[in-house]
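A.B. asks: Before we start, here is the structure in question, set down as structure tokens.
Number of protein chains: 2
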Amino acid sequence: MSKQELQVLTGCCTPISEAALDPAQAADGAAVFKALADPIRLRLMSIIASAGDEICVCDITPHFEVSGPTISHHLKVLREAGLVDCERRGTWVYYWPLPERLTWLSSLLSAPAAAGL
Amino acid sequence: MSKQELQVLTGCCTPISEAALDPAQAADGAAVFKALADPIRLRLMSIIASAGDEICVCDITPHFEVSGPTISHHLKVLREAGLVDCERRGTWVYYWPLPERLTWLSSLLSAPAAAGL
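Taken in sequence, the protein lines are chains W and G. Letter by letter, the first sequence follows residues 1 to 117 of the UniProt record's numbering. Letter by letter, the second sequence follows residues 1 to 117 of the UniProt record's numbering.
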């Protein structure tokens, strides 16, 4: 799924507690959940999302006991899912969260009382 | 992961936009996201969550073009993740959502401004 295609997932959505997803919506949503369905990626996402601002990959890797290339692979999956973005500056790559996608997932799973918040 | 172990995931939580997850929290959270990281399961979850009340498996299967045993397998994964529960009555099994788990996931992914809602 390209980042452009995933744009349709932002700015939505009706919670699943209010309306069933059609097959296309379910396929798109499942792809984003898949990006978070790994302990390393979910922890990476939380480190980037809670950093307050952008965070250097050099400040991310010390949190993990896996190799740099492994971290890079997982960051790429998060980026392709539209959950984070990044920019290389000199030696290091800096990451920041794309809150629209998290908000979309959050509202998709919200209870009816919280819909639209 | 047993249903009992997953109980710790309810009644929480600090959004990942506010605090990074520790490895154990990330492992638990990723396991629940994995249950939703499949198009059939996410659609099943939305059908059960939006039914308003419990729903007979006989009203679920017509939405899908896959076999009954395949649907049963995916429903079992959702049940083991603590997202739905069920009861057999006579010929049919009836499913209902467990909203605490959806609320937990929703707040985990919520933006800081929506935290605690």
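We put the CB at the ideal spot given by N, CA and C, even for glycine.
1) Please classify K76/W as buried or exposed, where buried requires at least 16 other C-beta atoms within 10 Å of its C-beta.
2) Determine whether the beta carbon atoms of residue 122/W and W92/W lie at a separation below 8 Å.
3) Kindly indicate the opening and closing residues of the alpha helix (DSSP H) around E66/W.
4) Can you give me the C-alpha to C-alpha distance between A81/G and R101/W, rounded to a whole angstrom?
5) Give the C-beta separation of L42/G and L21/W to the nearest angstrom, bearing in mind that I take them to be a contact with Cβ-Cβ under 8 Å.
6) Roughly how far, in whole angstroms, is the beta-carbon of H74/G from the beta-carbon of L44/G, given that I think they are within contact range, below 8 Å?
7) Verify the CB distance criterion: does D59/W have a CB-CB separation below 8 Å to chain G?
8) With the cut-off set at 8 Å, would you say P15/G and L109/G are in Cβ contact?
9) Along chain W, in chain order, which residues have C-beta atoms closer than 7 Å to that of K34/G?
10) Does any residue of chain W have a CB that is nearer than 8 Å to the CB of G29/G?
11) If you draw a straight line from the alpha carbon of W104/W to that of E65/W, how long is it in whole angstroms?
12) Are the C-beta of E80/G and some C-beta of chain W separated by less than 8 Å?
13) So which residues on chain W does T91/G lean against when the C-beta distance must stay under 7 Å?
14) Are there 16 or more other CB atoms within 10 angstroms of the CB of S107/G, so buried, or fewer, so exposed?
15) Report the residue from I55/W, I71/W, S67/W whose alpha carbon sits nearest the alpha carbon of R88/W.
16) Compute the Euclidean distance between the alpha carbons of residue 121/W and P23/W, then round it to the nearest angstrom.
17) Would you kindly report the start and end of the unbroken beta strand (DSSP E) that includes D28/G?
18) Excluding sequence positions up to five away, which residues of its chain have a Cβ less than 8 Å from the Cβ of A19/G?
19) For the segment 40-53 of chain W, enumerate the residues whose C-beta is nearer than 7 Å to any C-beta of chain G, in chain order.
20) From A37/G to G90/G, what distance separates their C-alpha atoms?
21) Does DSSP put D85/G in a helix, a strand or coil?
22) The beta strand (DSSP E) with P62/W in it runs from where to where?
C.D. replies: In this structure, then:
1) exposed
2) Summary: the structure shown does not reach residue 122/W, with chain W confined to residues 1 through 117, and so no result is reported for it.
3) Before going on, a small fix: residue 66/W reads as Val here, not Glu. Counting along the chain, V66/W falls outside any alpha helix (DSSP H), and DSSP gives it neither H nor E.
4) 23 Å
5) 6 Å
6) 6 Å
7) no
8) yes
9) A37
10) yes
11) 31 Å
12) no
13) Residues of chain W passing the Cβ test: none, with the nearest at roughly 24 Å.
14) buried
15) I55/W
16) Past the boundaries of the shown model lies residue 121/W; chain W is included only from 1 to 117, so the question cannot be answered.
17) Taken as a continuous stretch (DSSP letters only), D28/G belongs to no beta strand (DSSP E), being part of the alpha helix (DSSP H) at 23-36.
18) none
19) L42, R43, M45, S46, I47, A49, S50
20) 32 Å
21) strand
22) P62/W -> no beta strand (DSSP E), and no H or E assigned at all.
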